[in-house]
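> Attaching a single structure in structure tokens format; questions to follow.
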Amino acid sequence: MDRIYVREAETELLEEINDRLDEAGIEYDFDSNNRYMVDEFDTDEALEIMEDIGADAELV
């Protein structure tokens, strides 16, 4: 699993990210630091989705 950190995201943005990941069929979870955890095969697509809606996301 890869971890993706979204900087300073408001609740509305996180909800939009979750909706878009669900629509794309990308399974995700959160670690103890509230970073997204996605399968390594979905990482690029998840990052693209997050950045397309204006999130400041980075692979950690």
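Numbering (this note's numbering), first residue to last: 28 to 87. C-beta atoms are modelled at their ideal positions from N, C-alpha and C, and glycine is treated no differently. These numbers come from a predicted model, not from an experiment.
Give me whichever residues DSSP pairs with methionine 64 in a beta bridge.
Arg30, Asp56
> Using 8 Å for Cβ pairs, my map puts glutamate 43 next to aspartate 83. What's the rounded Cβ distance?
Wrong, their Cβ atoms sit about 14 Å apart, outside the cutoff.
> When the distance is taken between beta carbons, is glutamate 72 closer than 8 Å to alanine 51?
yes
> Ends of the beta strand (DSSP E) at glutamate 72?
Element bounds for glutamate 72: not the beta strand (DSSP E) but the alpha helix (DSSP H), 70-79.
> Return the CA-CA distance between tyrosine 55 and leucine 48, expressed in angstroms with no decimal places.
8 Å
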